[in-house]
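Peer 1: Numbers given in the numbering used here equal positions in the sequence shown, counted from 1, plus 4. Below: one structure in structure tokens.
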Amino acid sequence: MHYELKNHMETIVDQDLRKLMAENGMCDCDRCYIDTMALALNHLPPKYVITRVGELMTEIDATVVQQQADVLGAILNAIKIVKNKPSHET
Ligand SMILES: [Zn+2]
Numbered sequence: 005m006h007y008e009l010k011n012h013m014e015t016i017v018d019q020d021l022r023k024l025m026a027e028n029g030m031c032d033c034d035r036c037y038i039d040t041m042a043l044a045l046n047h048l049p050p051k052y053v054i055t056r057v058g059e060l061m062t063e064i065d066a067t068v069v070q071q072q073a074d075v076l077g078a079i080l081n082a083i084k085i086v087k088n089k090p091s092h093e094t
């Protein structure tokens, strides 16, 4: 059996990020995306889950759902920072 460790927080941030970046009129290139992702994740606690390789995770942790507001706040904050100062030339 093959197992892998995943930071579920990454999945949660990833789910909303593209949409929120678009809503905030941000550059949607991969560099800005990954910068925003990293900034947001650095302000959030990691949430490691063990999954079996090839198996889709269906179980959503209740504590993670409770953190949704924090997640949104961290994402919006990261968007503001990267939007004001992108890592690339405009
Ligand atoms: Zn960009």
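Quick reminder that beta carbons are idealized off the backbone N, C-alpha and C, glycines included. In this text, all values refer to a predicted model and were calculated from it rather than measured experimentally.
#1: Would you report the Cα separation of residue 36 and residue 18, rounded to the nearest angstrom?
#2: Spell out a yes or no on whether the region 34 to 51 and the region 80 to 88 are touching, meaning 3 or more CB-CB pairs, one atom from each, closer than 8 Å.
#3: For ligand 1, any of its heavy atoms closer than 8 Å to the Cβ of residue 22?
#4: Going straight from the alpha carbon of residue 32 to that of residue 79, what length do you get?
#5: Look at the alpha carbon of residue 44 and the alpha carbon of residue 20, and state the distance between them as a whole number of angstroms.
Peer 2: Per the coordinate set shown:
#1: Translated into positions along the sequence shown, residue 36 becomes position 32. Translated into positions along the sequence shown, residue 18 becomes position 14. Going by the C-alpha atoms only, they are around 13 Å apart.
#2: yes
#3: Your numbering for residue 22 matches position 18 in the sequence shown. No, Cβ of residue 22 sits at least 8 Å from all heavy atoms of ligand 1.
#4: For the purposes of this step, residue 32 is identified with residue 28 of the sequence shown, where counting begins at 1. For the purposes of this step, residue 79 is identified with residue 75 of the sequence shown, where counting begins at 1. Rounded to whole angstroms, residue 32 to residue 79 spans 14 Å at the Cα level.
#5: The count along the sequence shown starts at 1 and reaches residue 44 at position 40. The count along the sequence shown starts at 1 and reaches residue 20 at position 16. Going from the Cα of residue 44 to the Cα of residue 20 covers about 12 Å.
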